[in-house]
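Colleague: Okay, here's the structure, questions in a sec.
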Amino acid sequence: MTPVIMTVNGAEVSATVEPRTHLADFLREQLLLTGTHLGCEHGVCGACTILIDGEPARACIVYAATCGGRDVRTIEGLADDPIAAALRSAFTAEHALQCGYCTPGMLVSARDIVRRLPDADEDRIRLELAGNLCRCTGYNGIVRAIRRVLAQRPQDVIVAKPPLPRGQFAEVREAAPTVTRADAAPTSTPGDTLKQTLRLALPRETVWRAVCDPALIASCVPGARVTSVNGDRIAGELVASLGPIEARFAGEAIVTYDSHGGQIKAHGRDPASGTRLSADATFQVAEDGPQASTITLDIVYALRGPLAQFGRGPVVRVFAAEIADAVGRNLEARLRGEAIPEAPRLRAGSLIWRALWRWLRGLIGGR
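1038 is the number that the numbering used here gives to position 352 of the sequence shown; each next residue is one higher, with no gaps.
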């Protein structure tokens, strides 16, 4: 048993828990705070979303023993919160709940959206709610309720927005997933399809030599690391922070090269969640002028397991363009002998801000 002292809904709580006890079970069974609901118990459905130190977190994948000194707030602790009160009224007015099982976690996430994104439109609200599943409403009433509260502009409780980042060096052209024709040649990894084209202000031969160095390329991918190279087999890992969830995919890839192109077959697994990732990709390096080149990637990927919700096509396309952009910036900097500016881990939050900036640039450019 492990002693732990934390603050729950403003009151200090001292308890002794088993190391394996999840925070959600501790809140429900020992503190009788049953407003925190348990659904999937894998951090996927969002029914157990609470606040830890003011930030949304999944109570079903956090151990109570690790919360010593933390400030925990459940839906019961938001009874007097002005944003939560406005959201409860809006949920009622907009018919944003039916069975109500997802509603506590949905309200916590909705409150975070109102505090953090006062100018969020419908598309952004739906993206932010991707981690909260509702099987009843179809989300329309929930989105309307959040927009209703946003329109009220509760300025006294809105958190200041971080500044938008500056435009990035490379333009990335992306294509929506396509469905493979029935008469097309089968691939070994059935799944969704993604195409990325990245332009670099470097000669093709310089880029090609870099592409043939797996460790160099991995060092330019946020969160990626090569652990060993044995012929055409490469072992490594990819770490990604997805809001309150951190995934660490460890696996292996087989890379083959031909004339300024090649193929990658990769697979990996996150041991904490059991989620499996597999991908087949072809790549080509082509000239794009005397001192420029393009890298084209055609990827077929599949995400299976508890974190598969993050493999939805719209979410993947938003992040894939930004990841490619980051790789291009890092690779160009490395080949010019400059310091790589990218953070060591892939964080979905910062990518969302850059994706928003990309959308604004496209909107202004279109006009």
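Backbone N, C-alpha and C define an ideal beta-carbon position, used for all residues, glycine too.
1. Which residues does DSSP pair with S964 in a beta bridge?
2. Beta-carbon separation of I985 and L888 under 7 angstroms?
3. Who are the Cβ neighbours of A751 in its own chain at under 6 angstroms, not counting the five residues just before and after it?
4. Determine the DSSP secondary structure at D974, reduced to helix, strand or coil.
5. My assumption, with CB atoms under 8 angstroms, is that I799 sits in contact with I747. Please give the rounded CB distance.
6. Return the first residue and the last residue of the alpha helix (DSSP H) that A796 is part of.
7. Jot down the residue ranges of each uninterrupted alpha helix (DSSP H) in the region 701-738, minimum 4 residues, whole runs only, in chain order.
8. Which same chain residues, not among the five before or five after I940, have their C-beta less than 8 angstroms away from its C-beta?
9. Here's a check: name, in chain order, each residue in its chain whose Cβ is nearer than 6 angstroms to the Cβ of E727, leaving out the five neighbours to either side.
10. Could you tell me whether the Cβ of D974 comes closer than 7 angstroms to any Cβ of chain C?
11. Do R934 and D899 count as a contact pair if the criterion is CB distance below 7 angstroms?
12. How big is the Cα-Cα spacing for D766 and R774?
13. For R859, count neighbouring C-beta atoms within 10 Å of its own C-beta (all shown protein chains included) and say buried if the count is 16 or more, exposed if not.
14. Tell me whether E923 sits in a helix, a strand or coil according to DSSP, three-state version.
15. Following the continuous beta strand (DSSP E) through R885, name the residue where it begins and the one where it ends.
16. Under 7 angstroms, do G909 and G960 count as touching if we go by C-beta distance?
17. Identify the continuous beta strand (DSSP E) that holds T778 and give its terminal residues.
18. Indicate the three-state DSSP secondary structure (helix, strand or coil) for T823 in the structure shown.
19. Using only CA atoms, which one of E808, C820, A896 and R759 lies nearest to V694?
20. Quick check on the DSSP output: the alpha helix (DSSP H) that includes P900 runs from which residue to which?
21. Could you give the DSSP three-state label for E1028: helix, strand or coil?
22. Where does A870 land, buried or exposed, given buried means 16+ other C-beta within 10 angstroms?
23. Could you check the C-alpha separation between C822 and T968 for me, to the nearest Å?
24. If the criterion is Cβ atoms closer than 7 angstroms, does the pair Q692 and R744 meet it?
25. Grouping DSSP H, G and I as helix and E and B as strand, with all else coil, what is A782?
26. Got a sec, what are the start and stop residues for the alpha helix (DSSP H) E891 sits in?
27. For C753, which residues of its own chain have a beta-carbon under 8 angstroms away from its beta-carbon, when the five flanking residues on both sides are left out?
28. Give me whichever residues DSSP pairs with G948 in a beta bridge.
29. Is the Cβ-Cβ distance between C788 and A733 less than 7 angstroms?
30. If contacts are defined as beta-carbon pairs under 8 angstroms, then E973 and S964 qualify, I think. What distance do you get, rounded to the angstrom?
31. For T809, does the three-state DSSP call read helix, strand or coil?
32. Indicate the three-state DSSP secondary structure (helix, strand or coil) for R911 in the structure shown.
33. Are there 16 or more other CB atoms within 10 angstroms of the CB of G1023, so buried, or fewer, so exposed?
34. So the candidates are Y943, D944, S914 and V907; which of them puts its Cα closest to the Cα of A926?
35. Per DSSP, R934 is paired with what?
36. With a Cβ-Cβ cutoff of 7 angstroms, do R834 and A776 count as a contact?
Modeller: The answer reads as follows:
1. DSSP lists H953 and A988 as partners of S964.
2. No. Outside cutoff.
3. Cβ neighbours of A751 beyond the five flanking positions: T688, V690, V703 and P705.
4. Note: D974 maps to coil in three-state DSSP.
5. With a Cβ gap of about 21 angstroms, I799 and I747 do not count as contacting.
6. First-last of the alpha helix (DSSP H) with A796: T789 to R802.
7. Inside the region 701-738, DSSP marks no whole alpha helix (DSSP H) run of 4 or more residues.
8. Apart from sequence neighbours up to five positions away, the residues of its chain that approach I940 with a beta-carbon distance below 8 angstroms are D918, R919, I920, I950, K951 and A952, ordered along the chain.
9. Within the same chain, C746 come within 6 angstroms of E727 by CB-CB distance, once the 5 residues on both sides are set aside.
10. Protein chain content of the structure displayed is limited to a single chain, and chain C is not contained in it.
11. Result no, Cβ atoms of D899 and R934 do not sit closer than 7 angstroms.
12. Approximately 11 angstroms, taken between the alpha carbons.
13. Residue confidence is low: R859 scores 36 on pLDDT, short of 50, so the model does not pin down where it sits. No coordinate-derived value is stated.
14. If DSSP states are grouped into helix, strand and coil, E923 belongs with the strands.
15. Note, R885: beta strand (DSSP E), D878 to L886.
16. No, they are not a contact pair.
17. Counting along the chain, T778 falls outside any beta strand (DSSP E), though it belongs to the alpha helix (DSSP H) covering P768 to A779.
18. DSSP places T823 in coil when its eight states are reduced to three.
19. Its Cα nearest to that of V694, the residue R759 stands out among E808, C820, A896 and R759.
20. Segment P900 to S905, the alpha helix (DSSP H) holding P900.
21. Bear in mind that the predicted position of E1028 carries a pLDDT of just 48, short of 50, making it unreliable; the figure below should be weighed with that in mind. In this structure, DSSP gives E1028 a state outside helix and strand, which the three-state scheme calls coil.
22. At A870, the pLDDT of 38 sits below 50, so the modelled position is not reliable and the matter cannot be decided from this model.
23. About 41 angstroms.
24. In the sequence as displayed, the identity of residue 692 is Met instead of Gln. Contact flag unset, no.
25. If DSSP states are grouped into helix, strand and coil, A782 belongs with coil.
26. Run containing E891: R890 to V897, per the alpha helix (DSSP H) assignment.
27. Residues of the same chain with a CB within less than 8 angstroms of the CB of C753, apart from the 5 flanking positions on each side, are V690, M692, L709 and I738 in chain order.
28. DSSP lists Y943 and F969 as the bridge partner or partners of G948.
29. Less than 7 angstroms separates the beta-carbon of C788 from that of A733.
30. Contact between E973 and S964 is absent: CB atoms are separated by about 32 angstroms, not below the 8 angstroms threshold.
31. According to the sequence displayed, residue 809 carries Asp and not Thr. Helix.
32. In the displayed model, R911 falls within a strand according to three-state DSSP.
33. Answer is exposed; the Cβ neighbour count stays below 16.
34. Cα-wise, what sits closest to A926 is V907.
35. Answer by DSSP bridge pairing, in chain order: V925.
36. Cβ atoms of R834 and A776: closer than 7 angstroms.
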